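A.B. asks: A single structure is presented below for examination.
Protein chains: 4
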Amino acid sequence: MYSFRNDYSEGAHPKVLKALTETNLEQTQGYGLDPRCQKAADLIRVLCAAPDADVHFLVGGTQANLLTIEALTKPYEAVIAAHTGHIHVHETGAVEATGRKVLTVPSPDGKLTPAMIESVSELHSNEHQVKPAMAYVSNTTETGTVYSKAELTALRQCCDRHGLLLFLDGARLGSALACSDLTLGDYAALTDAFYIGGTKNGALFGEALVLPRPRADFRWYMKRRGAMLAKGRLLGVQFQALLEDGTFLDAARHANGLALRLRDGIAALGYSLPVESPSNQQFPVLPNAVVEGLLAMGYEFEVDHAVDDRHTLIRLVTSWATPEQAVENFLRDLAACTDPR
Amino acid sequence: MYSFRNDYSEGAHPKVLKALTETNLEQTQGYGLDPRCQKAADLIRVLCAAPDADVHFLVGGTQANLLTIEALTKPYEAVIAAHTGHIHVHETGAVEATGRKVLTVPSPDGKLTPAMIESVSELHSNEHQVKPAMAYVSNTTETGTVYSKAELTALRQCCDRHGLLLFLDGARLGSALACSDLTLGDYAALTDAFYIGGTKNGALFGEALVLPRPRADFRWYMKRRGAMLAKGRLLGVQFQALLEDGTFLDAARHANGLALRLRDGIAALGYSLPVESPSNQQFPVLPNAVVEGLLAMGYEFEVDHAVDDRHTLIRLVTSWATPEQAVENFLRDLAACTDPR
Amino acid sequence: MYSFRNDYSEGAHPKVLKALTETNLEQTQGYGLDPRCQKAADLIRVLCAAPDADVHFLVGGTQANLLTIEALTKPYEAVIAAHTGHIHVHETGAVEATGRKVLTVPSPDGKLTPAMIESVSELHSNEHQVKPAMAYVSNTTETGTVYSKAELTALRQCCDRHGLLLFLDGARLGSALACSDLTLGDYAALTDAFYIGGTKNGALFGEALVLPRPRADFRWYMKRRGAMLAKGRLLGVQFQALLEDGTFLDAARHANGLALRLRDGIAALGYSLPVESPSNQQFPVLPNAVVEGLLAMGYEFEVDHAVDDRHTLIRLVTSWATPEQAVENFLRDLAACTDPR
Amino acid sequence: MYSFRNDYSEGAHPKVLKALTETNLEQTQGYGLDPRCQKAADLIRVLCAAPDADVHFLVGGTQANLLTIEALTKPYEAVIAAHTGHIHVHETGAVEATGRKVLTVPSPDGKLTPAMIESVSELHSNEHQVKPAMAYVSNTTETGTVYSKAELTALRQCCDRHGLLLFLDGARLGSALACSDLTLGDYAALTDAFYIGGTKNGALFGEALVLPRPRADFRWYMKRRGAMLAKGRLLGVQFQALLEDGTFLDAARHANGLALRLRDGIAALGYSLPVESPSNQQFPVLPNAVVEGLLAMGYEFEVDHAVDDRHTLIRLVTSWATPEQAVENFLRDLAACTDPR
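These protein sequences, in sequence, are chains R, B, S and U. Going by the working numbering, the first sequence opens with residue 5, and the numbers climb by one from there. Going by the working numbering, the second sequence opens with residue 5, and the numbers climb by one from there. Going by the working numbering, the third sequence opens with residue 5, and the numbers climb by one from there. Going by the working numbering, the fourth sequence opens with residue 5, and the numbers climb by one from there.
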């Protein structure tokens, strides 16, 4: 039976594994100062149309989030996020562990809006309060929704008005790139920092952090938090493999496509998916008995929360590795679990 | 030309790469809760004769150091280390970044002794001073030296007398296992925490932290510092491959053997190696002209420091991947650089 | 004209000043280890019927909050508070500066309830999330409301069910003691930590933190955060003066009495006070023109926020030092500002 | 019997107490934004010939040290100090608690020299190490010695060459002002931050931190660490009282004079004072029997450390409050304890 639990349930895209194998015995300098990282960073700068950008390769998303926030803000400053933001909910206080406060606003769909930013900004005005300095958004969001170019541009303008930085968590940027009108160039132009998530889209691990305006001291922050990989070139090799020929986008398209197939198949069975997601995470509401039936068959997925006494919202995630047949089987088995009446 | 710069200049041992490839499309839970990590942890518990030990897989040494110190000490407590200790010199204040102070004692050979611990302990007695709570040692040390079982036992007894924990940084534990009388069982019996360094002995990356007495909350510390790998099973797969059939020890023996060949060949040419090292790091003193000659030929190594106006101490490191021929070539070229008189 | 801005707008109660003057040239040990602090601590233990309690004297409330939370929780743990909680809103991230997260729940009246605690607790279950470890309440609350003994007992029981500590911020404990059914003994019996706020009720400065269960290492936490007063006996002298003969409670009764006189006088003029406060803070809603009129006369008070385009909520605070005449004058002038129609 | 334990064993200079009493019922704004603090800050700017300087009033020295270091350096930066530096030895890791590392150099007399700074600077060159960013000195030092203007100027020039800030801990600045050629103007011209210690020279408590180049955000740092006194004007009142008419300098001269009388009397009895101190701390070496004799009589002082089996180094501290007679009595009793042979 298949696991729709997460997009990091498997290893690496075959192309990535091949590149790691082929370069395995090359001798290089450590800590990301090697030709492989250099080449991958150059490639990213080209793809982002950001010739001056700094690119740093990190192992995971929480690491990328805490480092970016720590390096770009002062101790007494704060980050504004939707209440669903990954840094607020699922990182065990990693941002607070750097001494920074996260200020949250309820968001119906996981997206942050200019109005939300303003509602927080205006409450913080003097030295008895933290000073909002950054807005944090994820694309795709934690609920599968996606920002449009117009929306991200409006956030940028709002941040400029309030002297805020804009940081975009791109743990699932691949999925977003494959289903929105935002390009890598747009992200580089509209944010102060964002990352291209490799872990959830084809890499063994790795997030490529892009800082459109270079900062000489970011590597000090990295090392200080144990976030500098000794064999740093592993990250360069993987991102080069994913980005040099479109594999990254293809992988995300594959995942999104199967997610939409899931969505449509589920809806066709009469179930609701309350949050409209165009990306590789889908959140259907199913009767508890159906959920139990699927689990009993061996399917794996995240049981998010009880909607009412008899219904549960679950999360289904697809990836570059999901076979089409797994999706079809799931829909078939879901139909079988579904009461005919 | 060959690089003797570091033992993490290459990728992974072929056996590790093979295991990663073979398991690539298995679907598992994330974050180290998968069967692969479980199996590797069980194997380590057996090898350590420590059936109750906690085993946590981490990506790198600085991460392992900062987490262990943060999790096992209180905010106002301090760690005692030799002045050469990696946490003091080469981790950009990662321990201080957790709010803990490192108290250092000058050490002629990189080793900590009971007398050194006592000289620090007796200076810290009240609430106006940090409270020493842990001794930190590395094996092999940062200068290539190695603790004997008698020495580590004496440290343990000293720590017990002063109410201190004993933490052993095992970034190069493989090399130490291959050239001292200490076994994995000894480390588990004599320390409160130690790790088996994979990065420098055959893995792509990875340190297996062993906590002989289990701690229910260590995973909270890991996640909070961004140190929980999403595809955690990558670590389990690698450690299983290295440890299940003796590959780990074989790899270290190979590295040590070539290092001793370097040492003997260098000494035979009349050069001194002031620190006696039985492990895979050797520190010869060479005339500046010879150092320049070797660099000009394309050899790579760490130029540690000037001994006097005309001589420099360099570091040569071998690994599981170093070919015997590279060592012989180096010795031949060193002889050629050496003035015949 | 009078300032109703805050209850720390003046110096010390005359009895306190007298005690400081009389003891000025006594020589004592520093840092709170003197006979004056000893005596004050003993007195507090008697008043609290808590013979084993630790008592620590601190200079201010933010200091007391950050230290208590840091000392009583682990790095990955979190504190649950009402969204109005002082630690969340008015301490510039002092709790986050210790690495701890504050989890908030909207509260209509500034009080925390068992249901609110449970709504947060049940969302935090694994190592990807902070672990709620403490509930934080203030008495009186930031909006002037007051917990009853039944309410605090219910919170205690809820905390016990969920393995949480209960910490009570007593910056305005005097005012609460003077208008609720909770005694010092109740606070000691029902909480894991609380403090008796001196700064806002007669002292030059000072908060007496009571830890019903002693903790040997609290002084290390104090010193490490710069919170150990060199001439510590100043705190002991003040608390002894305030507590030994009921001055503390008398001072609070005076403040509360005048606040209620303000409340009744304001209501009699037809203005609303949306939050029902029995304590020394009152929050009337006044027409903007009236607010401007009072400010123009020279009255000082906090302008909290705009209720609508034409009305503003202000805060009036009384203290042990407020003269009855100041209150009568204010009511007279408020009446004069008030449009007769 | 008299206590020579510390210069904060008593309360406040009578002039300070008088000023506090006279202003006790003035109503002012809190948190240091009142006319009293304004006036004291203006006075300090005049005395320092630094019209643009920021002046912040803090309660104690550890607070001043940790805040200045946190506010003026970045997380990965480090502070260079003599191994005797107060921040290294006697503040329970308060600087490390802000995440900053203290790098120490052995100093024979408690002073830092350009050569010491350079020996540390040259060892720290890349992102695997903390980055030295500030030199920390105390005047008077922890051993009673005093910097001359030439010495401080040389430190300034060294700091400029290495891109370092210079921070001077002035917990005993009064004593230094009274026995060296450095003026307040010199301190403002030569350092990036220094403070005028009130606690040890006439105030109840208080350190006036001077930042010659203003920093808009320092008050955020203060509040975040619980270092903003609610009744902030208490600090302004005290510093105005001490500085407006020379009381501060007079108090220090009194203390220094009696310390020199102690020194000369002790030396006349044949005892050595290994560190030459012109200031209010003296460190004689006495036979253990003599030390015990003095303690038995009821004298109080700090027993610093055993010099050998039979001798102990003690510390004697005088203050503005020390009566001349107490010194004469001590010398008489010391003579009596001294074996005639």
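Glycine included, C-beta positions come from ideal geometry on N, C-alpha and C. A quick note: this is a predicted structure, and the numbers were derived from the prediction, not measured.
Only counting the same chain, and skipping five residues up and downstream in sequence, which positions put a Cβ closer than 8 Å to that of Asp190 (chain R)?
C.D. replies: Closer than 8 Å at the Cβ level, and outside the excluded window around Asp190 (chain R), lie Lys153 and Leu156.
A.B. asks: At a Cβ threshold of 7 Å, is Glu126 (chain B) touching chain R?
C.D. replies: It does not: the Cβ of Glu126 (chain B) has no partner Cβ on chain R nearer than 7 Å.
A.B. asks: Which value, in whole angstroms, describes the spacing of the CA atoms of Arg257 (chain S) and Ala212 (chain S)?
C.D. replies: Straight-line Cα distance between these residues: approximately 20 Å.
A.B. asks: Is the segment 105 to 114 of chain B touching the segment 238 to 258 of chain B in the sense that three or more CB pairs, one from each, lie closer than 8 Å?
C.D. replies: The segment 238 to 258 of chain B vs the segment 105 to 114 of chain B: no contact.
A.B. asks: Could you work out which residues of chain U lie near Glu131 (chain R), taking near to mean beta carbons separated by less than 7 Å?
C.D. replies: Result: Arg223, Trp224 and Lys227.
A.B. asks: Any chance the segment 297 to 314 of chain B sits against the segment 330 to 344 of chain B, with 3 or more Cβ pairs inside 8 Å?
C.D. replies: As far as the Cβ criterion goes, the segment 297 to 314 of chain B touches the segment 330 to 344 of chain B, which means the pair count is three or higher.
A.B. asks: Distance, Cα to Cα, Ala101 (chain U) vs Ala82 (chain B)?
C.D. replies: C-alpha separation (whole angstroms): 11 Å.
A.B. asks: Quick one: list the residues of chain U neighbouring Phe209 (chain S), beta-carbon separation under 8 Å, in chain order.
C.D. replies: Neighbours of Phe209 (chain S) on chain U, chain order: Leu233, Ala234, Lys235 and Leu238.
A.B. asks: Return the chain-ordered list of same chain residues with a C-beta closer than 7 Å to the C-beta of Thr326 (chain S), the five sequence neighbours on each side being excluded.
C.D. replies: Once the five neighbours on either side are set aside, the close Cβ partners of Thr326 (chain S) are Ala259 and Leu262.
A.B. asks: Output yes if chain S places a C-beta closer than 7 Å to the C-beta of Val307 (chain R); else output no.
C.D. replies: Cβ-Cβ to chain S under 7 Å: no for Val307 (chain R).
A.B. asks: Exposed or buried, Ser276 (chain R), counting other C-beta atoms within 10 Å across all chains shown (16 or more means buried)?
C.D. replies: Exposed is the call here.
A.B. asks: Once DSSP output is grouped into helix, strand and coil, what is the label at Tyr199 (chain B)?
C.D. replies: It is a strand residue.
A.B. asks: Using a Cβ cut-off of 9 Å, pull out every chain R residue sitting near Tyr80 (chain S), in sequence order please.
C.D. replies: Simply Thr96, Gly97 and Ala101.
A.B. asks: According to the Cβ coordinates, are Thr96 (chain B) and Trp224 (chain R) closer than 7 Å?
C.D. replies: The answer is yes: Cβ separation under 7 Å.
A.B. asks: Using a beta-carbon distance below 7 Å, is Lys105 (chain U) in contact with chain B?
C.D. replies: Yes, Lys105 (chain U) counts as interfacial toward chain B.
A.B. asks: Could you tell me the distance, in whole angstroms, from the CA atom of Arg229 (chain U) to the CA atom of Gln67 (chain S)?
C.D. replies: So the two alpha carbons sit approximately 7 Å from each other.
A.B. asks: Among S:Thr27, S:Gly15, S:Leu239 and S:Ala255, which has the Cα closest to the Cα of Pro18 (chain U)?
C.D. replies: Closest option to Pro18 (chain U), Cα to Cα, is S:Thr27.
A.B. asks: Could you check what DSSP says for Thr108 (chain R) in three-state terms: helix, strand or coil?
C.D. replies: If DSSP states are grouped into helix, strand and coil, Thr108 (chain R) belongs with the strands.
A.B. asks: Any idea if Asn284 (chain S) is buried or exposed, counting beta-carbon neighbours within 10 angstroms, 16 or more meaning buried?
C.D. replies: Buried: at least 16 other Cβ atoms inside 10 Å.
A.B. asks: For Ser13 (chain S) and Gly210 (chain S), what's the separation of their Cα atoms in angstroms?
C.D. replies: Ser13 (chain S) and Gly210 (chain S): Cα-Cα distance of roughly 15 Å.
A.B. asks: Closer than 7 Å by C-beta to Cys41 (chain B): which residues in its own chain qualify, once you throw out the five before and the five after it? Chain order, please.
C.D. replies: If we look at Cys41 (chain B) and ignore the five residues flanking it on each side, its Cβ neighbours are Phe61, Gly236, Arg237, Leu239 and Gly240.
A.B. asks: Return the CA-CA distance between Thr322 (chain S) and Phe8 (chain S), expressed in angstroms with no decimal places.
C.D. replies: If you take the alpha carbons of Thr322 (chain S) and Phe8 (chain S), they lie about 6 Å apart.
A.B. asks: Nearest to Leu170 (chain R) by CA position, among R:Lys227, R:Val50 and R:Ala85, is which residue?
C.D. replies: That would be R:Ala85, whose Cα lies nearest to the Cα of Leu170 (chain R).
A.B. asks: Determine the closest residue to Thr195 (chain S) out of S:His92, S:Met226, S:Ala245 and S:Cys162, with distance taken between C-alpha atoms.
C.D. replies: Out of S:His92, S:Met226, S:Ala245 and S:Cys162, S:Cys162 has the C-alpha closest to the C-alpha of Thr195 (chain S).
A.B. asks: Is the beta carbon of Ala197 (chain S) closer than 7 Å to that of Thr88 (chain S)?
C.D. replies: It is not a contact, given that the beta carbons lie outside the stated cut-off.
A.B. asks: For Thr187 (chain S) and Val331 (chain S), I'd like the C-alpha separation in whole angstroms.
C.D. replies: Looking at the two C-alpha atoms, the distance is approximately 28 Å.
A.B. asks: Since Asn144 (chain R) contacts Ala180 (chain R) with CB under 8 Å, what's their CB separation in whole angstroms?
C.D. replies: Here the sequence assigns Thr to residue 144 (chain R), which means Asn is not the residue at that position. Their Cβ separation, rounded to whole angstroms, is 5 Å, which keeps Thr144 (chain R) and Ala180 (chain R) in contact under 8 Å.
A.B. asks: What's the gap between the Cα of Arg345 (chain R) and the Cα of Leu273 (chain R)?
C.D. replies: Residue confidence is low: Arg345 (chain R) scores 49 on pLDDT, short of 50, so the model does not pin down where it sits. No coordinate-derived value is stated.
A.B. asks: Span of the beta strand (DSSP E) holding His309 (chain U)?
C.D. replies: Unbroken beta strand (DSSP E) run through His309 (chain U): Glu306 to Ala310.
A.B. asks: Considering just the uninterrupted stretch of the beta strand (DSSP E) at Pro39 (chain B), what are its terminal residues?
C.D. replies: That residue, Pro39 (chain B), is in no beta strand (DSSP E); its alpha helix (DSSP H) goes Pro39 to Leu51.
A.B. asks: Label Ala16 (chain R) either buried or exposed according to how many other C-beta atoms from any shown protein chain fall within 10 Å of its C-beta, with 16 as the threshold for buried.
C.D. replies: So Ala16 (chain R) ends up on the buried side.
A.B. asks: So that I know if they touch, is there some Cβ in chain U lying closer than 7 Å to that of Thr326 (chain S)?
C.D. replies: No, its Cβ sits nowhere closer than 7 Å to a Cβ of chain U.
A.B. asks: Between the Cα of Asp173 (chain B) and the Cα atoms of B:Leu264, B:Ile91 and B:Ala44, which residue gives the shortest distance?
C.D. replies: Selected option, being the one with the closest Cα: B:Ile91.
A.B. asks: Report yes or no: is there a C-beta of chain U within less than 7 Å of the C-beta of Gly302 (chain S)?
C.D. replies: It does not: the Cβ of Gly302 (chain S) has no partner Cβ on chain U nearer than 7 Å.
A.B. asks: In chain order, what residues of the same chain have a beta carbon less than 6 Å from the beta carbon of Asp11 (chain U), not counting five sequence neighbours either side?
C.D. replies: Closer than 6 Å at Cβ, skipping near neighbours: Lys204, Val321 and Ser323.
A.B. asks: 7 Å is my cut-off, CB to CB: does Glu14 (chain R) come that close to chain B?
C.D. replies: Chain B contact via Cβ: present.
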